[in-house]
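In our numbering, the protein residues as written are 6 to 223. One structure is given here, and the rest of the page talks about it.
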Ligand code: PAF
């Protein structure tokens, strides 16, 4: 079977060397179950898309550990403040799928907002203390949005491991702490920051920087 844009759940993903694109929790779980039946472990790479080499390194990290890489692509509205860039956040689904195919990712989970948040979300995850400093006070609600969506993605995919960049160091600590405090059965793997040739950490938001701001960011 060649790479497909919608998963055919009657086919066997194990035989596939391409990328399966799934849009629903039910299809994600079906595909993950097929790989598990074949004795494979699962590595989740949560992303908001607009993928770059940093994301690709997370997929490679999963492959290096022998996991079947599952990359989620979801621009999570609940982690953006009212004056932040949710609408402007870069989106390039086809480009992302091409990069994932090239990297050897096996499943792309690209749910709609309705699939991720069917109805009002009354349950949230708050990690106290380590969100008091750094980005926490500057972005009220941000880490609650991140922790909640990551908890949901983990419970949807039920991976063995999940991979996050050390670039977002506070986020990584928040997620590690959430998993520890809630006894979630997932290993959280932090991966080294990937940088441009001049040393700037790769980020989907770097494209917003003017030449002057980019020089300052270094
Ligand atoms: O780091 C990100 O891209 C996001 O915060 C994450 C972890 C995918 C949650 O939406």
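Heads up, the beta-carbon is just placed ideally off N, CA and C, and yes, glycines get one too.
For residue i, verify whether its CB is less than 6 angstroms away from any heavy atom of ligand 1.
| i | result |
| --- | --- |
| residue 53 | yes |
| residue 130 | no |
| residue 173 | yes |
| residue 154 | yes |
| residue 211 | no |
| residue 151 | yes |
Under the assumption that residue i contacts residue j (Cβ atoms under 8 angstroms), give the Cβ distance between them as a whole number of angstroms.
| i | j | result |
| --- | --- | --- |
| residue 113 | residue 76 | 5 angstroms |
| residue 105 | residue 24 | 5 angstroms |
| residue 116 | residue 29 | 7 angstroms |
| residue 135 | residue 179 | 6 angstroms |
| residue 142 | residue 86 | Going by Cβ atoms, the distance from residue 142 to residue 86 rounds to 12 angstroms, so no, they are not a contact pair. |
| residue 191 | residue 167 | 6 angstroms |
Compare the Cα-Cα distances from residue i to each of the options and report the closest residue.
| i | options | result |
| --- | --- | --- |
| residue 206 | 117, 194, 221 | 221 |
| residue 150 | 167, 183, 170 | 183 |
| residue 47 | 34, 145, 134, 57 | 34 |
| residue 82 | 190, 154, 36, 72 | 154 |
| residue 197 | 174, 185, 219, 188 | 174 |
| residue 27 | 78, 109, 140, 185 | 78 |
| residue 201 | 172, 165, 164 | 172 |
| residue 177 | 164, 37, 148, 40 | 148 |
| residue 193 | 49, 80, 71 | 49 |
| residue 111 | 40, 218, 189, 219 | 40 |
| residue 130 | 165, 164, 181, 107 | 181 |
Within the same chain, show all residues whose beta-carbon is closer than 6 angstroms to that of residue i, passing over the 5 residues directly before and after it, in chain order.
| i | result |
| --- | --- |
| residue 212 | none |
| residue 209 | 55, 95 |
| residue 13 | Because the pLDDT at residue 13 is just 45, under 50, the model does not fix this residue reliably, and the point stays unresolved. |
| residue 109 | 68 |
| residue 91 | 82, 85 |
| residue 60 | 52 |
| residue 139 | 175 |
Take residue i and list the residues in its own chain whose beta-carbon comes closer than 7 angstroms to its own, dropping the five residues that flank it on each side.
| i | result |
| --- | --- |
| residue 215 | none |
| residue 62 | 196, 199 |
| residue 57 | 207, 209 |
| residue 120 | 28, 29, 30 |
| residue 71 | 46 |
Between residue i and the rest of its own chain, which residues show a CB-CB distance below 8 angstroms, the 5 nearest in sequence each way excluded?
| i | result |
| --- | --- |
| residue 15 | Note that residue 15 has pLDDT 43, beneath the 50 cutoff, so the model's placement of it is unreliable and no number is given. |
| residue 203 | 223 |
| residue 186 | 132 |
| residue 10 | Caution applies to residue 10, whose pLDDT of 44 falls short of 50 and renders its modelled position unreliable; the value that the coordinates give is listed next. Only 26, 102 meet the Cβ criterion. |
Can you find a C-beta in chain B that's less than 7 angstroms from the C-beta of residue i?
| i | result |
| --- | --- |
| residue 103 | No chain B is part of this structure, which consists of one protein chain only. |
Any heavy atom of ligand 2 closer than 6 angstroms to the beta-carbon of residue i?
| i | result |
| --- | --- |
| residue 187 | In the structure on display, ligand 2 does not appear, and the ligands it does have are ligand 1. |
Can we say the stretch 90 to 103 touches the stretch 147 to 162, given the rule of at least three CB pairs closer than 8 angstroms? Short answer: they don't touch.
If you pair each beta-carbon of the stretch 124 to 142 with each one of the stretch 57 to 77, do three or more pairs fall below 8 angstroms? Contact fails: fewer than three Cβ-Cβ distances are below 8 angstroms.
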